[in-house]
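Everything on this sheet refers to the single structure shown next.
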Amino acid sequence: MAFSSALLLPSVVCDTCVGPNFVKKARCNPRILSTERIPILCVHCSASENGLKTLSKRIYEDFTLSGRRTMIGMVLVTSVFGLPIVGSHGAGLPPEEKPRLCNEECEKELENIPMVTTESGLQYKDIKIGEGPSPPIGFQVAANYVAMVPSGQIFDSSLEKGQPYIFRVGAGQVVKGLDEGILGMKVGGKRRLYIPGSLSFPKGLTSAPGRPRVAPNSPVIFDVSLEYVPGLDDE
Numbered sequence: 573m574a575f576s577s578a579l580l581l582p583s584v585v586c587d588t589c590v591g592p593n594f595v596k597k598a599r600c601n602p603r604i605l606s607t608e609r610i611p612i613l614c615v616h617c618s619a620s621e622n623g624l625k626t627l628s629k630r631i632y633e634d635f636t637l638s639g640r641r642t643m644i645g646m647v648l649v650t651s652v653f654g655l656p657i658v659g660s661h662g663a664g665l666p667p668e669e670k671p672r673l674c675n676e677e678c679e680k681e682l683e684n685i686p687m688v689t690t691e692s693g694l695q696y697k698d699i700k701i702g703e704g705p706s707p708p709i710g711f712q713v714a715a716n717y718v719a720m721v722p723s724g725q726i727f728d729s730s731l732e733k734g735q736p737y738i739f740r741v742g743a744g745q746v747v748k749g750l751d752e753g754i755l756g757m758k759v760g761g762k763r764r765l766y767i768p769g770s771l772s773f774p775k776g777l778t779s780a781p782g783r784p785r786v787a788p789n790s791p792v793i794f795d796v797s798l799e800y801v802p803g804l805d806d807e
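Each residue of the sequence shown is one higher than the one before, starting from 573 at the first, in the numbering used here.
Now the structure itself:
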């Protein structure tokens, strides 16, 4: 079907049935500026023991370029179980899909590295001992980090941002566990921090696309690599 004088906005992915037990991704354009009334059909298919169940919604949108009338149809398509399809895959991508400071080989080596427990309850393992200076309290540091929930799902990472995170040690600019855990590290070193709930996020963190929720005062894990200490590395 050809659309005259149409401006296509970003399309969305819909599920279409192409076989009894197979779901194929197709693209629908829920927002089209045109002089015509355009029906758009998005179908979601789901297999069950009793056969194939489908649920579909038809979206009608009517736009006029003259601006006399504009109607936007919005549909929330639900699954056969009554749950929204949008976001139904859940937050938190599998760990292997994101860059990490500790790969599979590193994880195996961690099993043989002794655990250190501090008075506060913080625990850590030194993956690699650095050879540079250690940051005193009050100094700024540049560090890369990968923050995870205990299951291994990543909820924050400087590697995804493409640059180290800079903060002042002991100034309360980061969670207490990271503030304490960076002490004693040397530039070039890498450490895994097992941060208890008392040193974690008091208010928690909400979930986001591809990122799990962090409950208030729940334990988290940080892999940290100390990259640079301004003022000490320059000496």
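Glycine included, every Cβ here is placed at the ideal spot set by N, Cα and C. Since the structure is predicted, the reported quantities are computational estimates derived from the model, not experimental observations.
Exposed unless 16 or more other CB atoms sit within 10 angstroms - verdict on K680: The residue you call residue 680 lines up with position 108 of the sequence shown. K680 is exposed by the Cβ-count criterion.
Integer Cβ distance of V786 from F773, believed to fall under 8 angstroms: The sequence position of residue 786 within the sequence shown is 214, counting from 1. The sequence position of residue 773 within the sequence shown is 201, counting from 1. Sure, about 6 angstroms apart at Cβ, within 8 angstroms.
Secondary structure of S772, DSSP reduced to three states: Start at 1 with the first residue of the sequence shown, and residue 772 comes out as number 200. Looking at S772 - three-state DSSP - the assignment turns out to be coil, as it is neither helix nor strand.
For K733, the first and last residue of its enclosing alpha helix (DSSP H): Stepping through the sequence shown from its first residue, residue 733 is reached at position 161. That run of the alpha helix (DSSP H) goes 730-733.
Outcome for I709 when other beta-carbon atoms lying within 10 angstroms are tallied against a minimum of 16: Residue mapping note: residue 709 aligns to position 137 of the sequence shown, counting from 1. Classification of I709: exposed, given that the 10 Å Cβ count is below 16.
K700 (DSSP reduced to helix, strand or coil): Counting from one through the sequence shown, the residue named residue 700 turns up at place 128. In this structure, K700 counts as strand in the three-state DSSP scheme.
P781 versus P671: straight-line alpha-carbon distance, rounded: Working through the sequence shown from its first residue, we reach residue 781 at position 209. Working through the sequence shown from its first residue, we reach residue 671 at position 99. Roughly 17 angstroms separates the two Cα atoms.
Environment of K533 [buried if 16+ CB atoms lie within 10 Å]: Residue 533 falls outside the range modelled here, since the chain spans only 573 to 807, and no answer is possible.
Alpha-carbon to alpha-carbon, A714 and D795: In the sequence shown, the residue the question calls residue 795 occupies position 223. In the sequence shown, the residue the question calls residue 714 occupies position 142. So the alpha carbons of these two residues sit roughly 14 angstroms apart.
Rounded C-alpha distance that separates M757 from E732: Taking the first residue of the sequence shown as 1, we reach residue 757 at position 185. Taking the first residue of the sequence shown as 1, we reach residue 732 at position 160. Using only the alpha carbons, I get a separation of about 23 angstroms.
P722 vs P791 beta-carbon contact at 7 angstroms: In the sequence shown, counting from the first residue as 1, residue 722 sits at position 150. In the sequence shown, counting from the first residue as 1, residue 791 sits at position 219. Going by C-beta atoms, P722 is nearer than 7 angstroms to P791.
DSSP three-state assignment for K670, whether helix, strand or coil: Within the sequence shown, the letter at position 98 stands for residue 670. The answer is coil: DSSP assigns K670 none of H, G, I, E or B.
With 16 other Cβ atoms within 10 Å as the buried cut-off, status of V801: Along the sequence shown, read from residue 1 onward, the residue named residue 801 stands at position 229. Buried is the call here.
Exposed unless 16 or more other CB atoms sit within 10 angstroms - verdict on Q546: Any question about residue 546 goes unanswered here, given that the chain covers just 573 to 807.
First and last residue of the uninterrupted beta strand (DSSP E) at K762: Against the sequence shown, residue 762 aligns to sequence position 190. K762 -> beta strand (DSSP E) spans 762-767.
Endpoints, the alpha helix (DSSP H) within which E752 is located: Within the sequence shown, the letter at position 180 stands for residue 752. Looking at the DSSP string, the run of the alpha helix (DSSP H) that includes E752 is 748-753.
Local Cβ density within 10 Å of E811, reported as buried at 16 or more and exposed below that: Residue 811 cannot be examined here, being either before or after the span of the chain that is shown, 573 to 807.
Where L798 sits in the DSSP three-state scheme: Reading the sequence shown from its first residue, position 226 is the one you call residue 798. DSSP places L798 within a strand segment (E or B) once states are collapsed to three.
L694 (DSSP reduced to helix, strand or coil): Locating residue 694 in the sequence shown gives position 122, counting from the first residue. Three-state DSSP puts L694 in coil, outside helix and strand.
Separation of P705 from L804, as counted between CA atoms: For the purposes of this step, residue 804 is taken as residue 232 along the sequence shown, with counting starting at 1. For the purposes of this step, residue 705 is taken as residue 133 along the sequence shown, with counting starting at 1. C-alpha separation (whole angstroms): 7 angstroms.
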